[in-house]
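Student:
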Amino acid sequence: MQIIRKKYNWASPLFKRNKTNRIILHHAQAKTCSVEDIHQWHLKKGWSGIGYHFLVRKDGTIYQGRPEDTIGAHAKGANHDSIGICAEGDFMKEEMNPLQLNALIDLVSYIKNKYHLSSIKRHKDVASTDCPGTHFPFSTIISSNHIVLEDTWLQRLNQEIKKQGFRTYPTVKRDAQGKITRLIQERLNFVGFNLKIDGIFGINTEKAVKKFQNNRNLKVDGIVGKKTWSYLIKGIKV
Ligand SMILES: [Zn+2]
Numbered sequence: 006m007q008i009i010r011k012k013y014n015w016a017s018p019l020f021k022r023n024k025t026n027r028i029i030l031h032h033a034q035a036k037t038c039s040v041e042d043i044h045q046w047h048l049k050k051g052w053s054g055i056g057y058h059f060l061v062r063k064d065g066t067i068y069q070g071r072p073e074d075t076i077g078a079h080a081k082g083a084n085h086d087s088i089g090i091c092a093e094g095d096f097m098k099e100e101m102n103p104l105q106l107n108a109l110i111d112l113v114s115y116i117k118n119k120y121h122l123s124s125i126k127r128h129k130d131v132a133s134t135d136c137p138g139t140h141f142p143f144s145t146i147i148s149s150n151h152i153v154l155e156d157t158w159l160q161r162l163n164q165e166i167k168k169q170g171f172r173t174y175p176t177v178k179r180d181a182q183g184k185i186t187r188l189i190q191e192r193l194n195f196v197g198f199n200l201k202i203d204g205i206f207g208i209n210t211e212k213a214v215k216k217f218q219n220n221r222n223l224k225v226d227g228i229v230g231k232k233t234w235s236y237l238i239k240g241i242k243v
């Protein structure tokens, strides 16, 4: 499971949370939204910024909002001891797709196991609201437990990019060699390929990149450029 980490500009200081006793689940009440959108909405309310600790998007990607160890702003009276997880969508009106549900179960299981929690609540269990909506698959979530580890690939990639002095993800193609190629191979294997991880961008790596691109309707050129990087970062198996 990969959590996409983000940096935000906070309008006021955040405070560390001393206790973590429960998870509180929300919906965004918006059909489509990113963490940046929510950050802006919460800034407009006069808050420090995004109030949820995590957002699970409809494509199954998981984003960090407010840092995990700080007090959130998502459930009045319950913020001091909880982690707030929001699901993109409006589950008063729609059903959750399997990609998003699976990612949400991964994240809830991960947090539950990390903090040894058993208490998982909906926003409406602690406040007068209909959040996270009547179609929210709460019973499936609380009865599921996935054994998941956090995937640190993106953090390792970003460290390597920085170390090598790049300001953005470099274009990587045939005959490249080194740690970044190795990370690309690792990622391709993560989404289902079976490459030898040797840090050499040879014919097999190029073939895998082409197949990866083809499966995602990207331009099939075997070159890891901007678009291919963004799909590798998402790390979703298709
Ligand atoms: Zn809510």
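Read in order, the letters of the sequence shown correspond to residues 6 to 243 in our numbering. Backbone N, C-alpha and C define an ideal beta-carbon position, used for all residues, glycine too. As the structure is a computational prediction, the values presented were derived from the model and not from experiment.
Shorter than 7 Å, the distance from the beta carbon of Pro142 to the closest heavy atom of ligand 1, or not?
Tutor: For the purposes of this step, residue 142 is identified with residue 137 of the sequence shown, where counting begins at 1. False, no ligand heavy atom lies under 7 Å from that Cβ.
Student: Can you find a heavy atom of ligand 1 that lies under 7 Å from the Cβ of Thr139?
Tutor: Counting from one through the sequence shown, the residue named residue 139 turns up at place 134. False, no ligand heavy atom lies under 7 Å from that Cβ.
Student: According to DSSP, simplified to helix, strand and coil, what is Ala92?
Tutor: Within the sequence shown, the letter at position 87 stands for residue 92. If DSSP states are grouped into helix, strand and coil, Ala92 belongs with the strands.
Student: Is the distance from the Cβ of Met178 to the Cβ of Ile228 below 8 Å?
Tutor: Here residue 178 refers to the residue found at position 173 of the sequence shown. Here residue 228 refers to the residue found at position 223 of the sequence shown. Looking at the sequence shown, residue 178 is not Met but Lys. The answer is yes: Cβ separation under 8 Å.
Student: Please name the residue or residues paired with Val229 in a DSSP beta bridge.
Tutor: Residue mapping note: residue 229 aligns to position 224 of the sequence shown, counting from 1. The partner list for Val229 (beta bridge, DSSP) reads Val177.
Student: So what does DSSP say about Ile246, is it helix, strand or coil?
Tutor: One cannot answer for residue 246 here, as it falls past the ends of the chain, which runs 6 to 243.
Student: Would Ile88 pass as a contact of Ile116 if the rule is Cβ separation under 8 Å?
Tutor: Reading the sequence shown from its first residue, position 83 is the one you call residue 88. Reading the sequence shown from its first residue, position 111 is the one you call residue 116. Yes, they are a contact pair.
Student: Verify the contact flag: Cys136, CB atom, against every heavy atom of ligand 1, threshold strictly below 7 Å.
Tutor: Here residue 136 refers to the residue found at position 131 of the sequence shown. Because some heavy atom of ligand 1 lies under 7 Å away, the Cβ of Cys136 counts as near it: yes.
Student: Taking Val27 as the reference, give the member of Arg71, Ala80, His151 and Ile55 with the closest Cα.
Tutor: Numbered from 1 along the sequence shown, position 22 holds the residue referred to as residue 27. Note on residue identity: the sequence assigns Arg, not Val, to residue 27. The shortest C-alpha separation from Arg27 is found at Ala80.
Student: Hey, is His44 close to ligand 1, as in C-beta under 7 Å from one of its heavy atoms?
Tutor: Taking the first residue of the sequence shown as position 1, residue 44 is located at position 39. False, no ligand heavy atom lies under 7 Å from that Cβ.
Student: Tell me which residue opens and which closes the beta strand (DSSP E) that Phe59 is part of.
Tutor: For the purposes of this step, residue 59 is taken as the residue at position 54 of the sequence shown. Taken as a continuous stretch (DSSP letters only), the beta strand (DSSP E) holding Phe59 covers Phe59 to Val61.
Student: The beta strand (DSSP E) with Ile28 in it runs from where to where?
Tutor: Locating residue 28 in the sequence shown gives position 23, where the first residue counts as 1. Note, Ile28: beta strand (DSSP E), Arg27 to His32.
Student: Quick check: Gln34 and Asp95, are their CB atoms within less than 8 Å of each other?
Tutor: Walking along the sequence shown from the start, residue 34 turns up at place 29. Walking along the sequence shown from the start, residue 95 turns up at place 90. Contact flag set, yes.
Student: With respect to 7 Å, is the separation between the Cβ of His128 and the closest non-hydrogen atom of ligand 2 below this value?
Tutor: This structure lacks ligand 2; its bound ligands are ligand 1.
Student: Just to confirm, does His47 get its C-beta within under 7 Å of one of the non-hydrogen atoms of ligand 1?
Tutor: The count along the sequence shown starts at 1 and reaches residue 47 at position 42. For ligand 1, not one heavy atom lies less than 7 Å from the Cβ of His47.
Student: Evaluate Gly54 with the Cβ neighbour count: other Cβ atoms within 10 Å of its Cβ, from every protein chain shown; 16 or more gives buried, anything less gives exposed.
Tutor: Mapped onto the sequence shown, residue 54 falls at position 49. So Gly54 ends up on the buried side.
Student: Just list the residues that DSSP pairs Arg172 with in beta bridges.
Tutor: Taking the sequence shown and counting its residues from 1, the one referred to as residue 172 is at position 167. Answer by DSSP bridge pairing: none, since Arg172 is not bridged.
Student: Measure the alpha-carbon distance for Thr210 versus Ile202 and round it to whole angstroms.
Tutor: Here residue 210 refers to the residue found at position 205 when the sequence shown is read from its first residue. Here residue 202 refers to the residue found at position 197 when the sequence shown is read from its first residue. Near 9 Å, if we compare the C-alpha coordinates of Ile202 and Thr210.
Student: Under DSSP, the alpha helix (DSSP H) around Tyr115 begins and ends at which residues?
Tutor: As a first step, residue 115 is located in the sequence shown; it is residue number 110 there, counting from the start. Its alpha helix (DSSP H) spans residues Pro103 to Tyr120.
Student: Would the beta-carbon of His58 be found less than 7 Å away from any heavy atom of ligand 1?
Tutor: As a working note, residue 58 is residue 53 in the sequence shown. Answer for His58: no, Cβ out of range of ligand 1.
Student: Could you check if Phe141 is buried or exposed, using at least 16 other CB atoms within 10 Å of its CB as the buried criterion?
Tutor: Counted from its first residue, the sequence shown places residue 141 at position 136. Per the 10 Å Cβ criterion, buried.
Student: Name, in chain order, the residues that DSSP records as bridge partners for Gln7.
Tutor: As a first step, residue 7 is located in the sequence shown; it is residue number 2 there, counting from the start. DSSP, once it has assigned bridges, lists no residue as partnering Gln7.
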